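These notes concern the structure reproduced below.
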């Protein structure tokens, strides 16, 4: 199994310098609010998020990311891991998993629910659609909600079922943008 650590620009901190799907190596980032001035040390950076988050990923990739209700996070992760170990053994990108607090935003993936965000990727130029669709099918069993800036397979009915305020959002969108200036084909199908 080729190393996958470099795909997410991760340092080599593991006891064994090899990352494969059966090694169960975990890399952790902790992001806390602080007033401390920017600093950088071994495996630690304190800076504005605009300085830390942007990373150039080579090779580039396409990502599917869903917010799973926190109480189902561990089961969803196990299911996706099993899928990678048994059916999609050629998928080398790591699974990203993080906790996010619920919020009041109507169309947020975290609307009124604490969540774990589970993210999988496929590299451009390879046939990863079956993998992403299989992950989507697993995460739908847990009523997971997509990251709107990443790949997903939802239609308007799915949005209505997953987001309690979807119809309120659509009505407000029509009121604020009656001509659909801020809609593209994708958004029109979901919110038009």
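Numbering (the UniProt record's numbering), first residue to last: 1 to 192. For each residue, glycine too, the CB sits at the ideal point set by N, CA and C. Bear in mind the structure is a predicted one, so any value in this text is a computation, not a measurement.
Which residues DSSP lists as bridging residue i, in chain order
i           : result
residue 111 : 103
residue 46  : 39
residue 67  : 117, 145
Nearest neighbour of residue i, chosen from the options [CA to CA]
i           : options            : result
residue 109 : 185, 182, 154      : 154
residue 92  : 68, 105, 104, 127  : 127
residue 124 : 171, 151, 145, 70  : 151
residue 63  : 45, 37, 146, 184   : 146
residue 106 : 183, 181, 182, 171 : 171
Same chain only: Cβ atoms within 6 Å of residue i, ignoring 5 sequence neighbours per side
i           : result
residue 196 : Look at the range of the chain in this structure, 1 to 192, and you will see that residue 196 is not part of it.
residue 156 : 190
residue 193 : An answer regarding residue 193 cannot be provided, because it is not within the stretch 1 to 192 covered by the chain.
Reduced DSSP secondary structure (H/G/I, E/B, other) of residue i
i           : result
residue 154 : coil
residue 98  : strand
residue 122 : strand
residue 183 : coil
residue 88  : coil
residue 16  : Only weak support is given to the placement of residue 16: the predicted model assigns it a pLDDT of 49, under 50, and the value that follows is read from those uncertain coordinates. Coil at residue 16, not helix or strand.
Chain-order list of residues whose beta-carbon lies under 8 Å from that of residue i (same chain, five-residue window excluded)
i           : result
residue 61  : 7, 93, 121, 122, 123, 124
residue 70  : 99, 113, 114, 115, 116
residue 167 : 160
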